[in-house]
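The next block holds one structure in the form of structure tokens; read it before the comments.
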Amino acid sequence: MPVGGGIKLVEALIGIIKDAGGELLTSADVIKVTTSNGKATGVKLADGREFSATRSVLASVTPQALYQGLLSEEKIPTEITKSADSFRYGRAAIQIHLALSEPPQWKADSRLKDVAIVHILDGMNSLSESVNASNRGWLAKRPTIVVGQPTTVDPSRAPAGTSILWIQLQENPRKILGDLAGEINPGDGSWNEERLNKYADRVLAQVAEQIPNLFNAITAKIVLGPEQIEAMNKNLVGGDPYAGDCRVDQYAPWRPLSAATGHRTPIKNLWHIGASTHPGPGLGGGSGFLVAKRLTQKSFLERIRNR
């Protein structure tokens with residue numbers, strides 16, 4: 019983890035791009051991959067601007083965004099469009115960010131304050147119950163909770179004597195059908211502010227069982243539900259943090275699609291990368307690395323000439 023948080027890694031990568039003469043555009047909505055004679059030639063933005071590609075276009079999007087959106091005007095093999103139509107998304111995520119006036123005081127073992135990530139659950143039965151509940155559209159009575167302690171590994175993330183925590187819930191229904199605790203009315207099934215905050219309160223109460231000073235130490239709180247998470251990143255459809263269900267039929271050699279595995283697309287010079295593609299989600303940037311390696315690899319003839 020870089021000192022100062024993940025943003026420092028992003029800034030470093032941007033620096034590499036700029037040092038190589040590249041440019042980074044944000045809030046630039048790409049609506050189309052432009053093509054000519056079956057080859058990708060660039061992209062078109064919502065504001066009308068177009069950018070040409072001298073060699074390749076890499077699209078870090080979901081299969082549906084690629085084939086139903088960016089390539090909607092192209093003739094794509096039917097088996098690929100059908101496969102993209104059936105691409106599934108997984109359970110929704112919820113994130114809670116807390117600023118604390120003092121470090122958390124763990125009840126079970128004081129050494130936990132030095133652990134970067136702590137999982138809170140009542141046991142395997144509780145884990146099974148929360149996963150099954152989510153799969154059926156229900157809220158768990160006692161969900162599995164992941165607590166991250168960034169200031170444990172990087173004290174610069176908060177003023178001296180204070181602390182920050184992030185809490186992640188990975189087993190939530192994208193649409194709420196019921197509540198095992200019988201406390202939250204599912205209504206229309208959406209994660210509106212009332213339902214989100216009520217569920218966050220349940221989670222914080224469970225965390226406070228392990229961190230008794232939690233509520234007295236909270237000075238600021240931000241709760242991000244599935245809808246907010248998707249709004250921040252279009253690839254996280256329905257709040258799915260992995261940009262696509264990671265069960266075996268959508269993973270490994272079958273990711274992103276059974277009809278279009280790997281990173282090549284039916285459009286020459288257009289590559290599909292991102293969490294929806296092999297090797298899946300995570301911070302490693304695996305798909306981009308694999309494609310970059312192929313694009314920068316010298317051909318057999320080039321290697322012979324340089325010997």
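Residue 218 in the working numbering sits at position 200 of the sequence shown; the count goes up by one each step and never skips. Ideal Cβ placement from N, Cα and C applies to all residues, glycine included.
May I ask you to report which of helix, strand or coil DSSP gives residue i?
i: P222; result: As written in the sequence, residue 222 is Leu, which differs from the Pro given in the question. Three-state DSSP puts L222 in a helix.
i: I240; result: strand
i: R213; result: helix
i: L76; result: strand
i: P122; result: coil
i: E189; result: strand
i: I35; result: helix
Go through its chain and collect everything with a Cβ distance to residue i's Cβ below 6 Å, but skip five positions before and after it.
i: A218; result: I114, V241
i: S181; result: L118, P121, T169
i: L145; result: L139, T162
i: I98; result: A277, A278
i: G306; result: I291
i: A235; result: L118, S119, E120
Is it the case that the Cβ atoms of residue i and residue j are separated by a distance below 9 Å?
i: R265; j: G108; result: yes
i: A102; j: L232; result: no
i: L183; j: P122; result: yes
i: L84; j: H290; result: yes
i: R175; j: G39; result: no
Excluding sequence positions up to five away, which residues of its chain have a Cβ less than 8 Å from the Cβ of residue i?
i: K131; result: P121, P122, Q123, W124, Q167, T170
i: I135; result: V164, V165, G166, Q167
Excluding the five sequence neighbours on either side, which residues of its own chain have a C-beta within less than 7 Å of the C-beta of residue i, listed in chain order?
i: V149; result: E189
i: Q86; result: A102
i: Y269; result: G298
i: D263; result: R106, Y107, G108
Counting beta carbon pairs with one atom in the region 187-201 and one in the region 149-158, are three or more of them shorter than 8 Å? yes
At least 3 beta-carbon pairs within less than 8 Å: the region 276-288 vs the region 85-103: yes
Take every Cβ of the region 74-92, pair it with every Cβ of the region 45-56, and state whether three or more of those distances are shorter than 8 Å. yes
Secondary structure, alpha helix (DSSP H): runs of 4+ residues fully inside the region 50-108: 96-103
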